[in-house]
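Novice: Dropping a structure here in structure tokens format, bear with me for questions.
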Amino acid sequence: MANQVVMGALMQCSFGLTPAPLNVLPQNQVMGGGPLPAANIFDMKPLLNVPPFGMCISPANPMVIAATAAALGVLTPMPCMPVPAGTWLPGDPKVLIGFLPALTNDSKLLCSWGGVIQLNLPGQFTVSDG
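Position 40 (the sequence shown) corresponds to 103 in this note's numbering; numbering is contiguous.
In structure tokens, the structure reads:
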């Protein structure tokens with residue numbers, strides 16, 4: 064069974080160099096495993112929910128492409144600016160948070176620059192979905 068994801072869950076992008084915490088606003092008024100707001104699959108907005116992952120090394124990121132070209136082909140990391148390509152998937156359609164499927168720790172979020180964002184820690188370990 065997957066764990067419910069709450070604010071502060073630790074995420075990592077496959078092309079980012081540092082992990083980042085998930086930010087969840089308390090607008091849905093649902094708490095998961097304590098006083099932290101529970102997340103749904105639409106908690107994927109750049110900067111609001113998904114902060115940067117330090118430096119990006121994706122060869123599809125336009126900033127990395129430009130910096131690498133300027134360095135004569137030597138891969139040059141640039142600041143990460145997440146660009147989600149959709150919502151978190153799969154989530155848990157049996158558990159709704161704000162009328163949307165709950166975000167679970169086995170969900171993934173694709174980035175437009177080719178990375179896959181995954182949840183390393185759900186932020187709590189007492190509430191399981193499913």
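Beta carbons: idealized from backbone N, C-alpha and C, even for Gly.
1) Tell me whether Q90 is buried or exposed, calling it buried when 16 or more other Cβ atoms sit within 10 Å of its Cβ.
2) Just the Cα atoms here: how many angstroms apart are G71 and P164?
3) Kindly give me the distance between the Cβ atoms of I180 and M74, rounded to whole angstroms, as I take these residues to be in contact under 8 angstroms.
4) Helix, strand or coil for I104? Go by DSSP, reduced to three states.
5) Buried or exposed for G81, going by 16 or more other Cβ atoms inside 10 Å?
6) Cβ atoms of M141 and M126: under 9 angstroms apart, would you say?
7) Name the one or two DSSP bridge partners that F171 has.
8) In or out: S170 buried (at least 16 other Cβ within 10 Å) or exposed?
9) Is L172 near V113, with beta carbons less than 9 angstroms apart?
10) CB C174 to CB F78, shorter than 9 angstroms?
11) Count the other C-beta atoms from every protein chain shown that fall within 10 angstroms of the C-beta of G154, then say buried if there are 16 or more, exposed otherwise.
12) Hey, is A130's beta-carbon within less than 9 angstroms of any beta-carbon in chain E?
13) For L111, is the classification buried or exposed, using 16 other Cβ atoms within 10 angstroms of its Cβ as the cut-off for buried?
14) Around the C-beta of N183, are 16 or more other C-beta atoms found within 10 angstroms, so that it is buried, or is it exposed?
Specialist: Quick look at the numbers:
1) exposed
2) 19 angstroms
3) 5 angstroms
4) DSSP, reduced to helix, strand and coil, places I104 outside both helices and strands of the structure shown, so it counts as coil.
5) The sequence given here has Thr at residue 81, not Gly. The residue in question, T81, is exposed, as its Cβ has fewer than 16 Cβ neighbours within 10 Å.
6) yes
7) One point to set straight first is that residue 171 is Lys, not Phe, in the sequence displayed. Paired residue(s): L152 and Q181.
8) buried
9) yes
10) Yes.
11) buried
12) No chain E appears in the structure shown, which is made up of a single protein chain.
13) Residue burial annotation: L111 is exposed, with fewer than 16 other C-beta atoms found within 10 angstroms of its C-beta.
14) exposed
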